[in-house]
Amino acid sequence: MGHLNTGREMLCRIGVWILLYRIWSIYGATLVSTGRIDSCLEFDGSNDYVSVLAINTNDITFSAWVYRDSTNTVDTVFNGMKYNADNQLKEGFLLRFLAGNMLQLMLTSENDAGTKAYQSSYFVLDNTYQQEWIHVAFTYNKVTGEQKLYVTGELKDTDAHPVGNTISPLVSYSEMQIGSERTGNFFHGKIDDVKVYDTALTEEDIAEMYVKDCRF
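To get our numbering, take the position in the sequence shown, counting from 1, and add 56.
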């Protein structure tokens, strides 16, 4: 499936595990034919992940289909973050599931002077989302300062940064990771059709993306 006809650049897509414009490497994850769209990667929850050259952009849209084998673990979907207890030392963003079936988006932004702001968005999925494919997405829009978290094409949470802030770039590491937080919280299950855009798609775009994928 191609991306939406928005005229916006898709920085990368991993569907049949093709990555455009980016260098990537698979560590341990297994290519299987039982994906949501086509083929996908299966992660064992122990040490499997995909390494992607760091994607630093002012605005972003990320989406993926995920299938968790258990809701009792912390499962990282996409890690583009350097975490620190001090918000001024944080970088980038992170999308993961917490134990208890809670989806979390962490994102750090900064203004032209380098002063940073941090927000965490959440959505708790009910028991109907166990051991089935789920579409997850998030966006950040520098014009509005809003980060938005989506599940199955629906907006679930919105948090605000100062208007005009851009995403704080990940400079501490040269790579981002699918399925890992570098030293733990490895994803246990399957991930399919990862997409990253260099702009914030609208709520209508996200809903359309989900509906189109559901036709497969």
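From the three backbone atoms N, C-alpha and C, an ideal C-beta is built for every residue, glycine too.
Given the structure is predicted, the values throughout are model-derived calculations rather than measurements.
Tyr123 - containing beta strand (DSSP E), residue span
Annotation: the continuous beta strand (DSSP E) that includes Tyr123 extends over 116 to 124.
Please classify Tyr253 as buried or exposed, where buried requires at least 16 neighbouring CB atoms within 10 angstroms.
buried
Leaving out five residues on either side along the sequence, give the residues of the same chain with a beta carbon under 8 Å from the beta carbon of Thr208.
Ile190, His191, Tyr266
DSSP on Tyr229, reduced to helix/strand/coil?
In the structure shown, Tyr229 sits in coil (DSSP, three-state: anything other than H, G, I, E or B).
8 Å Cβ cutoff met for Gly240 and Ala216
In terms of Cβ geometry, Gly240 and Ala216 do not form a close pair [threshold 8 Å].
For Tyr289, which of helix, strand or coil comes out of DSSP?
Beyond the ends of the chain as shown, which are 57 and 272, falls residue 289; an answer cannot be given.
Cα separation between His244 and Phe99?
5 Å
With DSSP as the reference, label Tyr77 as helix, strand or coil.
Reliability of the predicted coordinates at Tyr77 is poor, the pLDDT of 45 falling under 50, and the value obtained from them is presented with this limitation in mind. When DSSP states are grouped into helix, strand and coil, Tyr77 belongs to the coil group.
Range covered by the beta strand (DSSP E) that runs through Lys172:
172 to 180
Quick one: what's Asp261 bridged to in DSSP?
Per DSSP, none; premise fails for Asp261.
Taking a contact to mean a Cβ-Cβ separation below 8 Å, would you say Leu150 touches Asn128 in this structure?
Contact: no.
Pick helix, strand or coil for Lys198, following the three-state DSSP scheme.
coil
Run the CB neighbour count on Tyr77, radius 10 Å, all protein chains shown included, and call it buried at 16 or more, exposed below.
Confidence in Tyr77 is poor, its pLDDT being 45 and thus under 50, which makes the residue's placement too unreliable to answer from.
Of the listed residues Asn143, Leu154, Met162, Met137, nearest to Gly170 (C-alpha basis)
Asn143
Is Ala169 a contact residue of the ligand SAM, with contact defined as CB to any heavy atom under 7 Å?
Ligands in the displayed structure: none, and consequently the ligand SAM is not present.
Closest to Thr164 by C-alpha separation, out of Ile116, Asp269, Ser95, would be which residue?
Among Ile116, Asp269, Ser95, the Cα nearest to that of Thr164 is on Ile116.
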